[in-house]
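Top to bottom, those sequences are chains A and B. Going by numbering that gives the first Met the number 0, the first sequence opens with residue 0, and the numbers climb by one from there. Going by numbering that gives the first Met the number 0, the second sequence opens with residue 0, and the numbers climb by one from there. Ideal Cβ positions, reconstructed from N, Cα and C, are used throughout, including at glycine. Source: prediction; values computed, not measured.
Protein chains: 2
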Amino acid sequence: MSWTKNGGESRGYHHGNLREALMKAALELIAEKGTAGATFAEAARRAGVSPAAPYRHFRDRDELIAAVAAEGFERFTKALQAGWNEGRPTPVEAYERMGRAYLDFARGNPAEYVAMFETGLSTEAHPALDQAGQRAFGVLREAAEVVVASMPAAGRPPALMVALHTWALAHGVASLFGRSDGSRRKLPMPPEDLLEAAFLVYLRGLGAPGN
Amino acid sequence: MSWTKNGGESRGYHHGNLREALMKAALELIAEKGTAGATFAEAARRAGVSPAAPYRHFRDRDELIAAVAAEGFERFTKALQAGWNEGRPTPVEAYERMGRAYLDFARGNPAEYVAMFETGLSTEAHPALDQAGQRAFGVLREAAEVVVASMPAAGRPPALMVALHTWALAHGVASLFGRSDGSRRKLPMPPEDLLEAAFLVYLRGLGAPGN
DNA sequence: CAGCTCATGTGAAAGGGGCTTACATCACGG
DNA sequence: CCGTGATGTAAGCCCCTTTCACATGAGCTG
């Protein structure tokens, strides 16, 4: 369609937007064939260039995937922030809405989610990716701090722990049940409801205000 | 070393244990190079046979991986059962110990865990694998039923929901923090403790006896 | 023990695909 | 107008996959 620069003129020798086109192609490939299917050459083919062209933009396949994952984390961060909405109307309600936003993202962007969490690329080799991930977690953590602060002062749990538990729970639900690629477990209820119920139980266990 | 039948004599024309040797090689490859690195030919090479030999035992690469994952689920089931230990001495204590067993398995068998949960092979195409996974979940579910039954009759939560929450939590912790391949997030505490704390909070939220 | 049979492994070769080195083309600045 | 660097190409190399005919030997049968 529009791998052209200005959205109309046919491309000449140079692509003009190859970097983005490759990332888009990589996403499609992950969605279709899984992580292993996202090959460097195939992405080039979909972008309409020769197999060697990608090397001008990414050192190797991992760097392409890392770029995709990093962009995924950017959008993920925004999605979580939108769900949290600065803790309005109440911290607990906002927290649950953020949980739904988490699952919505995982469900609506399965390829990004895979790239972000299941590619197994080391954080040391890709520091930019690591930082993007930590920014996303920062949203969770700040939200957890607000929720904890809204609780009775006696026996407040550490906000970091709450944030980690939340992340683990949301990721677990998303990873096990949250995608519909057929390779996932069947569930007698929507994963959003499962996660919301878990949040409610967990927050009650923390002693949070009863919503 | 010992791809021989009786652990000593050099092999002749026939391997004698090729199926197991291939599965072992596949595990090593997953551990070393990730899911994508587990190639059929390389597994054959490590087993000391020709590239065509594996086809006598597995239809294709996916079936090899599925066999590895299925065997992983078998051992996983036993590990969970051992942790649960029929709910002794108390259901809640046993439940937490089962959670530790979950993480121990994920940590001690990272390649199996990847094969079991991150290969994305469809449950329909590999029914034996699906059943093995459901047997493992059965342990969780039965344990959840005992825990729920030990609670006050008024307002008991559905055991299935509890089991699913537990699984999501344990898988989330294991997947995000539980492995030490360097591609995982750093944590200010051992993942076992993180999970145990989550269990405690969650069970308290359920209204479980205070341990 | 002799011979049959079948499961198991070999060898070779076709086919496909990804990766990478040397070369071609274009954009841009002086 | 021309150099220079960025970008894309072409072609070759290598490895994986898969299949086929064939070799081997383990175990049964008598």
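Rounded C-alpha distance that separates residue i from residue j
i, j, result
"residue 170 of chain A", "residue 135 of chain A", "13 Å"
"residue 115 of chain A", "residue 11 of chain B", "47 Å"
"residue 144 of chain B", "residue 62 of chain B", "34 Å"
"residue 204 of chain A", "residue 156 of chain A", "11 Å"
"residue 101 of chain A", "residue 94 of chain B", "28 Å"
"residue 7 of chain A", "residue 161 of chain B", "For residue 7 of chain A, the pLDDT reaches just 35, beneath the cut-off of 50, and the residue's location in the model is therefore unreliable, although a value from the coordinates is still provided. The straight-line gap from Cα to Cα measures roughly 55 Å."
"residue 79 of chain A", "residue 26 of chain B", "36 Å"
"residue 168 of chain B", "residue 168 of chain A", "5 Å"
"residue 194 of chain B", "residue 200 of chain B", "10 Å"
"residue 165 of chain B", "residue 75 of chain B", "15 Å"
"residue 65 of chain B", "residue 55 of chain B", "16 Å"
"residue 129 of chain B", "residue 202 of chain A", "33 Å"
"residue 185 of chain A", "residue 73 of chain B", "20 Å"
"residue 17 of chain B", "residue 173 of chain B", "32 Å"
"residue 112 of chain B", "residue 111 of chain A", "22 Å"
"residue 148 of chain A", "residue 86 of chain A", "12 Å"
"residue 178 of chain A", "residue 126 of chain B", "19 Å"
"residue 158 of chain B", "residue 49 of chain B", "50 Å"
"residue 197 of chain A", "residue 175 of chain A", "15 Å"
"residue 33 of chain A", "residue 120 of chain B", "9 Å"
Residue i classed as buried or exposed, judged by whether at least 16 other C-beta atoms fall within 10 angstroms
i, result
"residue 47 of chain A", "exposed"
"residue 42 of chain B", "buried"
"residue 188 of chain B", "exposed"
"residue 31 of chain B", "exposed"
"residue 151 of chain A", "exposed"
"residue 82 of chain A", "buried"
"residue 89 of chain B", "exposed"
"residue 109 of chain A", "buried"
"residue 44 of chain A", "exposed"
"residue 1 of chain A", "Reliability fails at residue 1 of chain A, whose pLDDT of 33 lies under 50, so the model's placement of it is uncertain and no value is given."
"residue 123 of chain B", "exposed"
"residue 92 of chain B", "exposed"
"residue 13 of chain B", "exposed"
"residue 154 of chain A", "exposed"
"residue 68 of chain A", "buried"
"residue 105 of chain B", "buried"
"residue 107 of chain A", "exposed"
"residue 36 of chain A", "exposed"
As assigned by DSSP and simplified to three states, the class of residue i
i, result
"residue 204 of chain A", "helix"
"residue 49 of chain B", "coil"
"residue 198 of chain A", "helix"
"residue 192 of chain A", "helix"
"residue 89 of chain A", "coil"
"residue 219 of chain A", "Residue coverage of chain A in this structure runs from 0 to 210, which leaves residue 219 of chain A outside it and unanswerable."
"residue 72 of chain A", "helix"
"residue 56 of chain B", "coil"
"residue 3 of chain A", "Its pLDDT being 35, under 50, residue 3 of chain A is placed unreliably in this model, and the value from its coordinates should be taken loosely. DSSP places residue 3 of chain A in coil when its eight states are reduced to three."
"residue 186 of chain A", "coil"
"residue 154 of chain B", "coil"
"residue 82 of chain B", "helix"
**Report entry** Near-chain B residues of the segment 17 to 38 of chain A (beta-carbon distance less than 8 Å), N- to C-terminal order
**Finding:** Going along the segment 17 to 38 of chain A in chain order, one finds 33, 34 and 35 with a Cβ nearer than 8 Å to chain B.
Query raised in the report: What are the start and end residues of each continuous alpha helix (DSSP H) run of 4 or more residues lying completely inside the segment 91 to 136 of chain B, in chain order?
Result: As far as the segment 91 to 136 of chain B is concerned, its whole alpha helix (DSSP H) runs of at least 4 residues are 109 to 116.
**Report entry** chain B contacts from the segment 113 to 130 of chain A (Cβ-Cβ distance under 7 Å)
**Finding:** Within the segment 113 to 130 of chain A, the residues whose Cβ lies closer than 7 Å to some Cβ of chain B are 117, 119, 120, 121, 122 and 123, listed in chain order.
Query raised in the report: What runs of the alpha helix (DSSP H), each 4 residues or longer, lie entirely inside the segment 9 to 40 of chain B?
Result: List check, alpha helix (DSSP H) in window: 17 to 32.
Query raised in the report: Got a sec: which bits of the segment 156 to 170 of chain B sit with their beta carbon under 9 Å from any beta carbon on chain A, in order along the chain?
Result: Residues passing the 9 Å Cβ filter: 156, 159, 160, 161, 163, 164, 166, 167, 168, 169 and 170.
Query raised in the report: In the segment 81 to 107 of chain A, which residues sit with their C-beta less than 8 Å from some C-beta in chain B, listed in chain order?
Result: So the list is empty, because no residue satisfies the distance condition.
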